[in-house]
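Since the structure comes first, as structure tokens, the remarks are kept for the end.
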Amino acid sequence: MISSLTMVVFDMEALILLEILLAIIPVGFIAALMGIGGGVLIIPILTAFFHIGIKEAIAVSIVTVVATSITGGSRYLKQGIANVRLGVFLELSTALGAIVGAFATILAPPYVLYLILSVLLFYLSFVQITTSKVEAEKIKHKGFARVEEDGVARALQLSGKYYDTAEGKDVVYRVTGTFKGLVASLVAGICSGMLGIGGGVLKVPVMNQLMNIPMKVAIATSKFMISITASTGAIIYILLGFVNFELMAPTALGVIIGALLGTMVMNRVKAEKLKILFGLLLIYFAYLMLAKGLYAILGVRLPGV
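Residues in the sequence shown are numbered from 990 upward in steps of one, following my numbering.
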């Protein structure tokens, strides 16, 4: 009787872990396709649908983000889409911002930043969607190559090219606005450190809108950058013993499978459609930040959050 009961409990646990794996695969796919970490999607799934504690979910999420980012980033490197030089260049500023942001949480009320970031993300979503056709035209008429690169980009050899599978041709681009990119990356890092969000939602539009980086390169490079920043946090959580490895296994496997599928699809999708999809994703993040801000101030919960 006891052995039968044990088997039932074991089967139930195995079933739950399988359900987690299947639920997380789409997250890995979206994260790889859009150049984000995916933590903001993983945490609600684990807490809302599987009743995992928030602290445990955050710890597992951070380690899982490393898995999906390394998987996606390495695939994009092999495909020649991710710009390593550019990623390392911007990552220095982002890392500094994350440190500043972590300390700034002591001084500034988070709800103010939630509301500011919400407005910023709504604006960026509008820009991404309305400039989607501009991206397509620049690829078609070699517009990314006609911009004069600035001195820093030239000295560090940040410009590059990639083969666009959807267009069937090489896309050459010249990097400009490096100072703007550094400042914006610093802000992205501060937001990440203060609010606990991945910088991908800000890194991609920063590179695309301010630095003349094609959307696909921005997505791939963001994925590469996230693998660096997330690794530090993951190591700390593991050393402190906060990570539930039994829970991490199906979660990490799910995002890896999803990320592999996402990297296979991304370069086959038209850049115009990617920008629209990313704009819609930004609207979701903006709504999420708005909801958190309003709840902190007024105690009001918006639908779906």
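The beta-carbon is built from N, C-alpha and C at its ideal position, and this holds for glycine as well.
Asked	Found
Alpha helix (DSSP H) segments (min. 4 residues) lying fully within the stretch 1199 to 1284	1204 to 1228, 1234 to 1255
CA-to-CA distance, GLY1178 to PHE1111, given in whole angstroms	19 Å
Contact check, TYR1162 vs PHE1133, beta carbons under 8 Å	yes
Top-ranked residue by Cα proximity to GLN1146, from LYS1067, SER1174, ARG1074, ILE1215	ARG1074
Host alpha helix (DSSP H) of TYR1054 (start-end)	Here residue 1054 turns out to be Val, not Tyr, going by the sequence shown. Unbroken alpha helix (DSSP H) run through VAL1054: 1043 to 1067.
Three-state secondary structure assigned by DSSP to GLY1188	coil
Touch test, the stretch 1249 to 1267 against the stretch 1072 to 1091, Cβ-Cβ under 8 Å, three pairs minimum	no
ALA1003 burial status per 10 Å Cβ neighbour count (16 or more: buried)	exposed
Cα-Cα separation between LEU1102 and GLY1157, rounded to whole angstroms	42 Å
Local Cβ density within 10 Å of LEU1191, reported as buried at 16 or more and exposed below that	buried
Length of the line joining the Cα atoms of ALA1223 and MET1183	17 Å
Simplified DSSP state of VAL1193, which is helix, strand or coil	helix
Every unbroken alpha helix (DSSP H) within the stretch 1105 to 1169, with a cutoff of 4 residues, ordered by chain	1121 to 1129, 1140 to 1145
Alpha-carbon spacing of GLN1117 relative to ALA1280, whole angstroms	22 Å
Cα-Cα separation, SER946 to GLY1027	Not covered by the structure: residue 946. The range shown for the chain is 990 to 1294.
Check whether VAL1052 and ILE1286 have beta carbons under 8 Å apart	no
Given ALA1125 as reference, the closest of ILE1070, ALA1173, VAL1049, ASN1197 once Cα atoms are compared	ASN1197
Cβ separation of LEU1010 and GLY1243, assumed to be a contact under 8 Å, to the nearest whole Å	4 Å
Pairwise C-alpha distance: TYR1065 and PHE1231	31 Å
Cβ pair GLY1058, SER1216 closer than 8 Å	At residue 1058 the sequence reads Ser, which differs from the Gly that was named. Yes, these two residues count as a Cβ contact at 8 Å.
LEU1166 versus LEU1079 - alpha carbon distance	Reading off the sequence, residue 1166 comes out as Gly, not Leu. Each residue's Cα considered, the two are about 12 Å apart.
VAL997 - DSSP class collapsed to helix/strand/coil	Because the pLDDT at VAL997 is just 45, under 50, the model does not fix this residue reliably, and the value given afterwards should be weighed accordingly. VAL997: helix per DSSP, three-state reduction.
Per-residue burial, TYR1151 [other beta carbons within 10 Å of its own, 16 or more giving buried]	buried
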